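Notes to accompany the following structure.
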Amino acid sequence: MTAQKAADEGKPAGSAPRRPGRPRGGAINAQQREHLLDITLTLYARDGIAETSLNAIARTAGVSPAMLNYYFQSRESLLDTVVEERFLPLRKRLEAHFTDESQDPVATLSGFIREVADISLTHDWFAPLWMQEVTSPQGLGGTLKNRHGHAGRERIRSLLTAWQQKGLLNPGLNVEVLMTSILSMVLVPFTRFAHEPGFNTEQILQHTLSLICQGIAPRPR
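The opening position of the sequence shown corresponds to residue 1 in UniProt numbering, with each subsequent residue numbered one higher.
Below you can see the structure in the form of structure tokens.
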């Protein structure tokens, strides 16, 4: 580096070029890292995973793209981190309602529905992200299937089938689509109405529970 160029850049003459490595500003702490993941999920839910770039996340978070690249390497690596640290723990909470000891479909599904509602209320990104991404082979659904499998989903389907065989579950139900139907009945209203004035969480919850557990036929007098 010439003396004039060094002076123009505010560097001492003869200083060596900065080596590639950790971006200026130092390491991010745990709180900053969680904040970056929060922003990532918000943008995923708003714009879709495929449309969310590292540059967009960095710009929203107020950090440099170089910093984001340094700590998460790539969009794919960042998605893996989000899935493992944020999404999988919630999926485990939902799957925990279905165990081999579960022999009361109404109680089990009611607990599952309330869990979905609670997660949707405490994690603003969950409902919209699920609705637009979980069925996409290239999005969240594909990542879950390819990296983490669907053992939990298969276990739930086996349990639903066993309930039907024991006469505990309506034989007219299709166990292949039952859980998707239930999730949609909770998540669609939360996605559609959650930010509107007068949104009543308990009404949505009770509506879903009534429809799933009692159907649309009027109660016998």
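Cβ coordinates follow ideal geometry from the N, Cα and C atoms, glycine included.
No experiment lies behind these values; they were computed from the predicted model shown.
Once you ignore the five residues that flank residue i on each side, which residues in its own chain have a CB closer than 7 Å to its CB?
i      : result
GLY215 : none
GLY21  : Note that GLY21 has pLDDT 48, beneath the 50 cutoff, so the model's placement of it is unreliable and no number is given.
ILE39  : ILE57, THR60 and ALA61
Given residue i, which residues of its chain have a CB within under 8 Å of its CB, disregarding the five upstream and five downstream residues?
i           : result
ALA128      : The question names Ala, but residue 128 is Pro in the sequence shown. For PRO128, where only same-chain residues beyond five positions count, the Cβ hits under 8 Å are ALA45, ARG46 and THR191.
ALA58       : SER64, PRO65, MET67 and LEU68
TRP130      : LEU140, LEU183 and LEU187
LEU178      : LEU160
residue 223 : Examination of residue 223 is not possible in this model, given that the chain is present from 1 through 221 alone.
Just checking my contact of residue i with residue j at CB under 8 Å: how many whole Å lie between their CB atoms?
i      : j      : result
SER110 : VAL186 : Rounded, the Cβ-Cβ distance is 12 Å, inconsistent with contact.
GLU85  : LEU54  : Actually they are not in contact, since the Cβ atoms of GLU85 and LEU54 sit about 17 Å apart, beyond 8 Å.
LEU205 : ARG114 : 7 Å
TRP125 : LEU41  : 4 Å
THR201 : ALA117 : 7 Å
Go to residue i, then tell me how far its alpha helix (DSSP H) extends in each direction, as first and last residue.
i      : result
PRO218 : It is not in any alpha helix (DSSP H) - PRO218 carries neither H nor E in the DSSP assignment.
PHE112 : 105-122
SER102 : From DSSP, SER102 is part of no alpha helix (DSSP H); its letter is neither H nor E.
LEU129 : 126-133
ARG192 : 175-193
HIS207 : 201-214
GLU154 : 151-165
Going along the chain, which residues of its own chain have a beta-carbon closer than 6 Å to the beta-carbon of residue i, five neighbours each way excluded?
i      : result
LEU159 : PHE98
CYS213 : VAL106
ARG157 : VAL175
Original post:
Taking contact to mean at least 3 C-beta pairs separated by less than 8 Å, is the stretch 79-94 in contact with the stretch 142-153?
Top reply: yes
**OP:** Could you name each continuous alpha helix (DSSP H) segment of 4 residues or more that falls completely within the UniProt domain "HTH tetR-type" (30-90), going from the start of the chain to the end?
**Re:** 30-47, 54-61, 65-72 and 75-82
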